[in-house]
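Quick note on full-length UniProt numbering: the sequence shown kicks off at 1 and runs consecutively. Take a look at the structure set out below.
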Amino acid sequence: MLKNILQKNSTINQYNLLVNEINLLETNLKTLTDNEIKTKSIQLQNRYKKDQNLDSLISEAFALTREASIRTLGLRHFDVQLIGGLVLNSGKIAEMKTGEGKTLVATLPAYLNALTKKGVHIVTVNDYLANRDQISMGQVYRFLGLNTGLIQENMSGIERQKNYDSDITYVTNNELGFDYLRDNMSLNISNVVLRPFNYCIVDEVDSVLIDEAQTPLIISNAVETSIDKYIIAAEVTDYLEVNVHFKVDEKNRNVILTKEGAIQIEQILKINDLYNPNDPWIPYIINALKATTLFFRDVHYIVQNNQIIIVDEFTGRIMIDRRWSDGLHQAVEAKEGLPIRQNTETAASITYQNLFLLYPKLSGMTGTAKTSEVEFDKIYNLPVIEIPTAKPSLRNDLDDVIYKDDISKWNAIAKECKTLSLKNQPILIGTTTVEKSEMLGELLNEYKLNYQILNAKPENVRREAEIVAQAGSQGSITIATNMAGRGTDIILGGNTKFKVRKTLYNILVSYKNKNKSKINSTIFPLLKQLVGVSQKFISVLISLVNDNLFLELSDTELLKILNDSDQIRIPKNAYQCSIKYLVKELINFEKKNQKIENKIVKNLGGLYIIGTERNDSRRIDNQLRGRCGRQGDPGTSKFFLSLEDRILRLFGGSNIQKFMKSQFLDDSPLESSLLTKSLDSAQKRIEELDYDSRKNLFEYDDILNKQRSVIYYERRKILESASVKQKILAYGEQIITELLNTLKKKNLTINEISTRLENLFGTNLLINVLNKFDIDTNNFDLTELKIYLFQEFWLSYETKVLELEIRKVGLIRSLERSLLLVYIDIIWKEHLQKMALLRDAVGWRSYGQRNPLFEYKDEAYELFKSRGIIARHLVIYDLIRSCIL
1 MLKNILQKNS TINQYNLLVN EINLLETNLK TLTDNEIKTK SIQLQNRYKK
51 DQNLDSLISE AFALTREASI RTLGLRHFDV QLIGGLVLNS GKIAEMKTGE
101 GKTLVATLPA YLNALTKKGV HIVTVNDYLA NRDQISMGQV YRFLGLNTGL
151 IQENMSGIER QKNYDSDITY VTNNELGFDY LRDNMSLNIS NVVLRPFNYC
201 IVDEVDSVLI DEAQTPLIIS NAVETSIDKY IIAAEVTDYL EVNVHFKVDE
251 KNRNVILTKE GAIQIEQILK INDLYNPNDP WIPYIINALK ATTLFFRDVH
301 YIVQNNQIII VDEFTGRIMI DRRWSDGLHQ AVEAKEGLPI RQNTETAASI
351 TYQNLFLLYP KLSGMTGTAK TSEVEFDKIY NLPVIEIPTA KPSLRNDLDD
401 VIYKDDISKW NAIAKECKTL SLKNQPILIG TTTVEKSEML GELLNEYKLN
451 YQILNAKPEN VRREAEIVAQ AGSQGSITIA TNMAGRGTDI ILGGNTKFKV
501 RKTLYNILVS YKNKNKSKIN STIFPLLKQL VGVSQKFISV LISLVNDNLF
551 LELSDTELLK ILNDSDQIRI PKNAYQCSIK YLVKELINFE KKNQKIENKI
601 VKNLGGLYII GTERNDSRRI DNQLRGRCGR QGDPGTSKFF LSLEDRILRL
651 FGGSNIQKFM KSQFLDDSPL ESSLLTKSLD SAQKRIEELD YDSRKNLFEY
701 DDILNKQRSV IYYERRKILE SASVKQKILA YGEQIITELL NTLKKKNLTI
751 NEISTRLENL FGTNLLINVL NKFDIDTNNF DLTELKIYLF QEFWLSYETK
801 VLELEIRKVG LIRSLERSLL LVYIDIIWKE HLQKMALLRD AVGWRSYGQR
851 NPLFEYKDEA YELFKSRGII ARHLVIYDLI RSCIL
């Protein structure tokens, strides 16, 4: 223990010298004008151009960023935030507790590395956070003469290019991954949107590089789908009994069909072989059983607009563009009686592990990384450094309490909420699924308690930021699914900005829809009474609601202007100026109330966190706990559990279950060190299983990634080259060489060789070859024959070039490039399918005491070699036979 403390302190202490240097520069920078600060920034850029050394600029760059932040945002980086920035710049993970200002910390290394003009990517977990951070933190970068970009879901290719070319670009992990894959499927260099990767900061790094790294990113194409089989398979499951016809492995999320089940299904379908490769039924049946027994509505997915929308189990958010693979999504659609969409085949894929390892310099930040530091270090080579808090933590983590069943647990939670609500202490309740959040809501209704629900339902998602922002208000009860990466601070007493924007929005919308003649007589007296604003406020409001340009705004446009009001430095028109003033006045007014509310809530004990069950990962539990006790505020966390919780039921062990049940005499809960140890042990086992799963995925994809790198490098060279003539010639010469090598080994006769050449090159080479070389006696010079065939191929090629160039200048060059790219993509897509089948096949070889990974590696290499041979033959065949009709 002592060793760890000393190690941690020594890690932090190594940055103290730089922190002192940064602080010494602060006094001089304060005396400079805004223009002089910008001149300093330009000087740093010029110094980097000359020396190509970022390390020598760290102190000055960080000091400049801090000064720019003070002048634009009114926020000054604390010393611990400077340390966080230094950790990020050194290519490590900074673990900073919730509320410690990670968003602001990222500006320090982002500005420094942007001086290279090679681009910096700041990756967030959703579009809202990317947009919010780009708008707010962008002020700092723009003040220092840099530009910022933002990637959002519906942007065009041109918009993406422009934003990726910015000095600092905010982007979600999904958009970044899919843009990378799309770039490597592009047929024209002008459609490529990404620059070469340089430096990346990943926000909520554990959510992105661990939780979402469970499954690869996939771009797929629709293929013909047997819809009838999905529907029939869903109906067949009604006639099957669990533990008789099939067994459910809930721990590994799998279904195993028994012999009795196979016979029963064959009788129902009136078929002889369920596993017939020419008419397979088994994948449809297995997926139908999985859909019925392992995937549940409002837990793993929701139904929206007649579609199955997956719910991310780690963040509680919906994933609109994601679909389960291998027919599972269609099976769930059939179960729910929804229209079944076409199945898909993979056209391109990459894991998050291999995507982010493409960056020469990678770092990340989160509040909960320490429990996964082994995985970060081994997979990503990212050490985790704990950053001390600016103020001591006052959070009180109470012992878990466990009940004998779910009914007792949920009733206890409701009673706890009732007790806490009597003294107006704010409560945040973390649930694991949509279903449980709504069930708890119904239970609180019986206790006549008011609450807000934040889960994956669309009506709740739209109000996410507002719900989270006000979760610290007096008397508020907020029920939320997993809180990873919400990105909005919970401020005790409520968030003034959100409250003001909502109030003003409601006032302005009501004024827009009222008769103007009634405004003075009815609404304004009510406004003054409720809000207590000044007469000047009312005067500005009157002029605003009489502004015709303002009245033409839609409610959505008005909401956007209100949300962006603090980012409007120079208003473009009168109504923007008025809105900016009204927001500022209301914020100043509400700040007085907020200070009072903040003190009251602190005296009540701060935010009270209730966990309704332990998650599979300790990180998710810590993320929930971390929502209280921010920046030295008081707070309490407590978890309510039952023996029926999934983690105890599946991983707690039978001995623990028996012991616990024997301890319950009534509905009173248990608290024991044995319980805590059992839960910690169960979570560790799950984390180890999940890590093994991700490691296994990474190891297999690493083999594919080496092949992917070769393909993508080859494609990029083709896209960037002015002419691919040399590559075409090389393809033809390779084909001839390969065929002659088989001739020398007597694997093929000369007639077979000549026939293949004629098929490829479209010329009758047989007679010329027989006349010129003594083939039958095998007494010929292989090199001389090869040169002769090369010349014949060159002649065929040049003839085709002349033929097409006469018809249209430049056509042959365009055709060559297109053929190369199209066939590379087609063969690569087929290769991905073969590799998927190979991976499934080698898994069974472990029963024969053979290492599946080694087997996969060897056969993957042979498949990759054959891919190149096929691609060469197809390109040459099509090129030589191409013509204009």
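The beta carbon of each residue, even a glycine, is placed where N, CA and C say it ideally should be. Here the structure is a predicted model, which means the values were calculated and not measured.
Original post:
Is I490 helix, strand or coil by DSSP?
Top reply: DSSP places I490 in coil when its eight states are reduced to three.
Subject >> One or two residues paired with L257 in a DSSP bridge >> reply: Answer by DSSP bridge pairing, in chain order: F246.
**OP:** Output yes or no for whether 8 Å exceeds the beta carbon distance between G157 and N191.
**Re:** In contact: G157 and N191 (Cβ atoms closer than 8 Å).
**OP:** Report yes or no: do the segment 172-182 and the segment 351-360 share at least 3 C-beta pairs separated by less than 8 Å?
**Re:** Under the 8 Å Cβ criterion, the segment 172-182 counts as touching the segment 351-360, having at least three qualifying pairs.
Subject >> Unbroken beta strand (DSSP E) run spanning N598, endpoints >> reply: N598 -> not in any beta strand (DSSP E); alpha helix (DSSP H) instead, spanning 574-604.
**OP:** Would you tell me roughly how many angstroms separate the C-alpha atoms of E859 and N396, rounded to the nearest one?
**Re:** Annotation: E859 to N396 spans about 56 Å, alpha carbon to alpha carbon.
**OP:** For the segment 430-442 and the segment 386-402, state whether three or more C-beta atom pairs, one from each stretch, are separated by less than 8 Å.
**Re:** Touching, no, given that fewer than three Cβ pairs across the two stretches are closer than 8 Å.
Original post:
Considering R71, what are the terminal residues of the alpha helix (DSSP H) in which it resides?
Top reply: Start and end: 58-72.
**OP:** Spell out a yes or no on whether the segment 592-611 and the segment 533-543 are touching, meaning 3 or more CB-CB pairs, one atom from each, closer than 8 Å.
**Re:** Result no; under three Cβ-Cβ pairs closer than 8 Å.
Subject >> Counterpart residues of Q304 in DSSP-defined beta bridges >> reply: Paired residues: Q307.
**OP:** Would you check if the distance between the CB atom of L289 and the CB atom of T344 is smaller than 8 Å?
**Re:** For the 8 Å CB-CB criterion, L289 and T344 do not form a contact.
**OP:** From the DSSP output, in three-state form, read off N221 for me.
**Re:** It is a strand residue.
Original post:
Taking C-alpha atoms, which residue in V87, K536, K117 lies nearest to P383?
Top reply: Answer by Cα proximity: V87.
Original post:
Using CA coordinates, which residue listed in N198, M185, I83 is at the minimum distance from R122?
Top reply: Here residue 122 turns out to be Ile, not Arg, going by the sequence shown. Looking at the Cα atoms, N198 is the closest of the given residues.
Original post:
Sorted by chain position, which residues of the same chain lie with C-beta nearer than 6 Å to I869's C-beta, five sequence neighbours on each side aside?
Top reply: Hits under 6 Å: none found.
**OP:** Buried or exposed for N520, please, with buried defined as at least 16 other CB atoms from any protein chain shown within 10 angstroms of its CB.
**Re:** Note that N520 scores a pLDDT of 49, beneath 50, so its modelled location is shaky and nothing firm can be said.
Original post:
Counting Cβ pairs closer than 8 Å, one from the segment 249-257 and one from the segment 292-310, do we hit at least three?
Top reply: In this structure the segment 249-257 touches the segment 292-310; the number of beta carbon pairs closer than 8 Å is three or more.
Subject >> Chain-order list of residues whose beta-carbon lies under 7 Å from that of L18 (same chain, five-residue window excluded) >> reply: So the qualifying residues of the chain are I58, S59, L86.
**OP:** Could you tell me whether the segment 48-57 touches the segment 326-340, using the rule of 3 or more Cβ pairs below 8 Å?
**Re:** Flag = no, the segment 48-57 and the segment 326-340 do not touch.
Original post:
When burial is assigned at 16 or more other CB atoms within 10 Å of the CB, is D840 buried or exposed?
Top reply: In summary, D840 is exposed, with fewer than 16 beta-carbon neighbours lying within 10 Å of its beta-carbon over all protein chains present.
Original post:
If you draw a straight line from the alpha carbon of L679 to that of D489, how long is it in whole angstroms?
Top reply: Roughly 29 Å between the two C-alpha positions.
Subject >> Contact the segment 222-230 vs the segment 616-627: 3+ CB pairs below 8 Å >> reply: No, because fewer than three Cβ pairs between the segment 222-230 and the segment 616-627 fall closer than 8 Å, the two stretches do not touch.
**OP:** Counting only the same chain and skipping the five closest in sequence on each side, list residues whose C-beta sits under 8 Å from that of A421.
**Re:** Looking at the sequence provided, one finds Ser at residue 421 rather than Ala. So the qualifying residues of the chain are I427, L449, G475, I477.
**OP:** Counting only runs of 4+ residues fully inside the segment 20-61, write out the alpha helix (DSSP H) ranges in chain order.
**Re:** Every alpha helix (DSSP H) of 4 residues or more that sits fully in the segment 20-61 is shown, in chain order, as 34-51.
Original post:
By a C-beta neighbour count over all protein chains shown, 10 Å radius and 16 as the cutoff for buried, is F854 buried or exposed?
Top reply: It is exposed - the Cβ of F854 has fewer than 16 other Cβ atoms within 10 Å.
Original post:
So what does DSSP say about Q452, is it helix, strand or coil?
Top reply: Three-state DSSP puts Q452 in a strand.
Original post:
So, helix, strand or coil for S510, using DSSP?
Top reply: Helix.
**OP:** List the whole-angstrom C-beta distance separating D179 from V193, where the pair is believed to meet the contact cut-off of C-beta under 8 Å.
**Re:** Right, the Cβ-Cβ distance comes to about 6 Å (below 8 Å), so this counts as a contact.
**OP:** Spell out a yes or no on whether the segment 202-215 and the segment 356-364 are touching, meaning 3 or more CB-CB pairs, one atom from each, closer than 8 Å.
**Re:** For the pair of segments examined, the segment 202-215 was found to touch the segment 356-364: the number of CB pairs separated by less than 8 Å reaches three.
Subject >> Secondary structure, beta strand (DSSP E): runs of 3+ residues fully inside the segment 359-418 >> reply: For the segment 359-418, whole beta strand (DSSP E) runs of length 3 or above, ordered along the chain, are 361-366, 384-386, 394-397, 401-403.
**OP:** Leaving aside the five residues before and after F266 along the sequence, list all residues of the same chain whose C-beta is less than 8 Å from its C-beta, in chain order.
**Re:** Inspection of the sequence shows that residue 266 is occupied by Glu rather than by Phe. Same-chain partners within the cutoff: N272, D273, L274.
**OP:** Can you check DSSP and say which residues form a bridge with A348?
**Re:** According to DSSP, residue pairing for A348 in a beta bridge involves I219.
**OP:** Report yes if the CB atom of K97 is closer than 8 Å to the CB atom of G493, and no otherwise.
**Re:** Their beta carbons are not under 8 Å apart, which means K97 does not touch G493 by this criterion.
**OP:** Using only the heavy atoms of the ligand SAH, determine whether one of them is closer than 7 Å to the beta carbon of T481.
**Re:** Among the components of this structure there are no ligands whatsoever, and the ligand SAH is therefore not found.
Subject >> Reference I282, options Q264, D298, Q307, closest by Cα >> reply: I282 has its Cα closest to that of Q264, out of Q264, D298, Q307.
Subject >> Proximal residues to E687 (C-beta, below 8 Å), its chain only, five neighbours per side dropped >> reply: T371, S372, D616, S617, R618, listed in sequence order.
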